[in-house]
Amino acid sequence: MASPRLPLSRLTGGLRLSQIQTRKSSTAPPTGPQPQQHDPHALLSKPTWSIRALLPPSSPSSTTTTTPSQPPQITPPQLTHLLRLSALPQPTTPTETSHMLATLHAQLHFVRDMQQVNTDGVEPLAAIRDETVAGQREATVGVATVRAALEAEETHGRCRRPRRRRGAAAAAHEKKEDDAGGGGIEGVEDWDVLGGAGERVGRYFVVRSRKGDVKTH
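Okay, structure coming up:
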């Protein structure tokens with residue numbers, strides 16, 4: 001049994017309706033929550049923190065009064081003692097003394113705030129250096145680093161003590177310069193150390209600090 005055929009007008013009308021619905025669905029704005037847009041200029045124009053938060057308040061009442069939670073203030077005699085221990089000049093006027101005390105109180109307040117930071121689980125620095133993997137690899141001294149120095153040594157005696165051969169340092173330096181393409185440097189080991197001295201006594205040069213005083217080095 002053959003299926004009934006639809007007229008051509010109904011088919012084209014159905015296709016146009018489906019195309020219109022598809023266009024509406026593609027151009028309709030999404031109904032989900034949109035991410036909030038932030039203006040960088042507005043964010044950077046309003047500071048949220050200042051280093052002044054780590055400094056003591058500048059009001060006169062807060063600097064003169066001492067609460068039980070605050071550390072004791074430094075007195076002028078203590079300031080004089082600290083300056084003497086540090087070999088620093090003493091203040092000459094009361095205004096200079098008060099200004100120096102205020103600066104010292106602010107610095108101590110900042111240091112105490114830094115000491116209250118929780119450092120549990122943080123490994124302290126052994127030195128201020130590059131502690132990354134690349135930095136440690138660059139600072140590591142291996143066999144290749146000291147190979148030239150080891151090749152310039154020879155053993156002597158029953159204990160086979162290593163000694164550097166005479167002229168080995170100059171030869172190694174010239175070899176390094178040749179490898180780098182700079183050529184050897186002549187006259188490195190035989191240059192006159194005291195050639196630039198104005199006055200000499202034997203193997204020493206003379207330095208006159210004051211009239212009549214002579215020091216030999």
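When the letters of the sequence shown are read in order and numbered with UniProt numbering, they come out as residues 1 to 217. C-beta: ideal position from N, C-alpha, C; glycine also. As the structure is a computational prediction, the values presented were derived from the model and not from experiment.
Note down, in chain order, each residue of its chain lying with its Cβ closer than 6 Å to the Cβ of Trp191, except the 5 sequence neighbours on either side.
The answer is none, since no qualifying residue turns up.
Using only the alpha-carbon positions, how far apart do His109 and Ala102 sit?
Between His109 and Ala102, the C-alpha separation is close to 11 Å.
Could you tell me the distance, in whole angstroms, from the CA atom of Pro72 to the CA atom of Phe205?
So the alpha carbons of these two residues sit roughly 56 Å apart.
Do the region 44-51 and the region 91-101 touch if we need at least three Cβ pairs shorter than 8 Å?
Touching, no.
Could you give the distance in angstroms between the alpha-carbon of Thr140 and the alpha-carbon of Glu131?
Rounded to whole angstroms, the gap between the alpha carbons of Thr140 and Glu131 is 12 Å.
Thinking C-alpha only, which one of Ala127, Arg147, Arg165 and Arg200 is nearest Thr155?
Looking at the Cα atoms, Arg165 is the closest of the given residues.
Going by the beta-carbon positions, is the gap between His38 and Ile74 smaller than 8 Å?
Between His38 and Ile74, the C-beta gap is not smaller than 8 Å, which leaves the two residues out of contact.
Can you tell me the Cα-Cα spacing of Val207 and Ala87, whole angstroms?
Their backbone Cα atoms lie some 29 Å apart in a straight line.
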